[in-house]
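Take 648 as the starting number for the sequence shown in the working numbering and just add one per residue. Here's the structure we're looking at; comments come further down.
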Amino acid sequence: MRKRIPVAAPALVGNERKYAQECLDSSWISSNGKYIGLFEESFARFNEVPHAVSCNNGTAAIHLALMALGVGPGDEVVTPTLTFVATANAVVYCGATPVFVDSEEATWNLDPAKLEAAIGKRTKAIVVVHLYGQPADMDAILAIARRHGVKVVEDAAEAHGATYKGRKVGSLGDIGAFSFYGNKVITTGEGGMVVTGDERLAARVRLLKGQGMDPARRYWFPVVGYNYRMTNIEAAIGLGQLEKIDWHIRRRRELAARYAELLEGVEGVELHRQAPQTEHAYWMTTVRLRGEVACKRDVIMEVMDRRGVETRPVFHPMHTLPMYASLARGGLPVAEAIAASGFNLPSYALLEDDDQKYVCDALKDVLRECR
Ligand SMILES: *Cc1c(COP(=O)(O)O)cnc(C)c1O
648 MRKRIPVAAP
658 ALVGNERKYA
668 QECLDSSWIS
678 SNGKYIGLFE
688 ESFARFNEVP
698 HAVSCNNGTA
708 AIHLALMALG
718 VGPGDEVVTP
728 TLTFVATANA
738 VVYCGATPVF
748 VDSEEATWNL
758 DPAKLEAAIG
768 KRTKAIVVVH
778 LYGQPADMDA
788 ILAIARRHGV
798 KVVEDAAEAH
808 GATYKGRKVG
818 SLGDIGAFSF
828 YGNKVITTGE
838 GGMVVTGDER
848 LAARVRLLKG
858 QGMDPARRYW
868 FPVVGYNYRM
878 TNIEAAIGLG
888 QLEKIDWHIR
898 RRRELAARYA
908 ELLEGVEGVE
918 LHRQAPQTEH
928 AYWMTTVRLR
938 GEVACKRDVI
948 MEVMDRRGVE
958 TRPVFHPMHT
968 LPMYASLARG
978 GLPVAEAIAA
988 SGFNLPSYAL
998 LEDDDQKYVC
1008 DALKDVLREC
1018 R
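See the structure below:
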C-alpha cells in the first residue's frame, strides 16, 4: 500500500529539540523563562511591529485583541463569513455580535465593496482575515474603517510572512493576531501571538492574558483577566521555527508554484492565486472547481482520500453554522459558492516532489473519471 499523504504536517527541522530540551533540563517548563521573551522579540522584529505578546492559541489572540480594543456587550463586529470559526467565536466571547460580510471573487477575502453596508451605529471593530495566506485588500478596508471610526483587527492566523504592498500582514491594522497551531505556517504545538504598534493596547493584552494582575503590584487584580499564557517550552519550539521562517514560507510558495505548473490547463480547476501588490503566504494551496465538476467536490475529495491523498474542504461560511444561522442577512453568494466547490491540497514544507506529482495525477484522474 502506498503511504498516505496528509493535508498538513509540521516541519521541525531547526533548533526546536535543542531549545525544548533546554527547558526540561533547566526545569523552566511553565510560562516563565527566557524563551517567551526571545520568541516575542524575534516575532515582533520579523513582523516589523513594536510589540508582540504571546498567548496560548490563535483564538485567544483574537479574543485578547478584541478585548484590548474595548469590544463588549451591545457592540457589533464585522467579519468575513468565509473564515475559520474562531474568528466569529472570539467576537461572541466578548459578548458582542458578529456581522458577516461576503467574499471577493478574486481574493476570497472580505469584500470591501460590501463592507460599508454592514457597518452601523453599534459597529466597534472589523476583523479582517487573510484567508489561506492571501492578504485582504487592506487599503480599501482601512479607508472605510477610518471613515466610520471603527477599529481593525487582522486575523493573520494563516498568513505569517504574507505582505500587502510590501508590508507584513498583522502590522497594517490596529492590532493583529497569529496562530501557531500544528498545521500553521510555523507552529508551537498550540500557541498564539498578538502584535500591535500601540503600546497601550499591548499593555492591555499583557494584563488580560496574565489573569489581570497589575504589573506593578503582585497579586492585585484590577480587572477580570484570563489565563491565556504560552509556556516556555512552546516558545522554545516557536523560536526554533521562527529562526527558519524564511525557509518555511519559501517552501510553501514553491509548492504553490509547482501546483500551478502541474495543474496548468486542467479543465475545471482554478487555483486560489496571489492578488496584485501582495505576497501570498500559501499556508494552504487551495483549488476551486469550476463548471460541470464544481458540484462534485465531495465525491472528488472522497476518491482522492481512497487513493491516499488527504484534502480538506474550504470552511463552511459562518452564517451557515447552526449558532450563527439567525445572523444571516440575506445570501452571501460568493462565499457560499467558494465554500461549496473549494478544497485544500496537501501543503506542508516537507511535502516531497514525487508526492506532489502523485497528488496532481490523482486529481487529474479523478476529474476525468467524473466527467
Ligand atoms: C487557526 C485559525 C485560528 C485559531 O487559531 P488556534 O491557534 O487554532 O486557536 C483563527 N483564525 C483563523 C483564520 C485560523 O485559521
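All C-beta atoms in this analysis are idealised placements derived from N, C-alpha and C, irrespective of residue type, glycine included.
Please name the residue or residues paired with residue i in a DSSP beta bridge.
i    : result
H777 : Beta-bridge pairing links H777 to no other residue.
Y811 : R814 and T925
D802 : V776 and A824
L918 : V934
G836 : Y828
Helix, strand or coil for residue i per DSSP?
i     : result
N991  : strand
I652  : strand
T967  : helix
F962  : coil
T843  : strand
S689  : helix
A658  : coil
A975  : coil
G705  : helix
V1006 : helix
A699  : strand
V1041 : Outside the shown range of the chain (648 to 1018) lies residue 1041, about which nothing can therefore be said.
V956  : strand
G684  : helix
For ligand 1, is there any heavy atom lying closer than 8 Å to the beta carbon of residue i?
i    : result
T744 : no
T878 : no
E983 : no
G839 : yes
I709 : yes
N874 : no
K831 : yes
L757 : no
V916 : no
Y828 : yes
L778 : yes
N991 : no
A809 : no
Compute the Euclidean distance between the alpha carbons of residue i and residue j, then round it to the nearest angstrom.
i     : j     : result
M948  : F693  : 36 Å
D802  : V776  : 5 Å
R937  : N874  : 46 Å
D845  : K761  : 28 Å
Y995  : A863  : 44 Å
I1035 : Q924  : The chain is shown only over 648 to 1018; residue 1035 falls outside these bounds and no answer can be derived.
M785  : V940  : 33 Å
A972  : G829  : 30 Å
I788  : G767  : 15 Å
S750  : P697  : 31 Å
P964  : A986  : 7 Å
G989  : K1011 : 16 Å
T967  : E983  : 9 Å
T958  : D672  : 39 Å
M931  : L729  : 15 Å
H895  : M860  : 36 Å
T810  : R899  : 14 Å
L685  : E890  : 11 Å
K681  : M877  : 12 Å
**Report entry** Segments of 4+ residues assigned as alpha helix (DSSP H) that fall wholly inside the segment 717-782
**Finding:** 732-740
**Report entry** Complete runs of the beta strand (DSSP E) confined to the segment 847-926 [at least 3 residues]
**Finding:** 916-918
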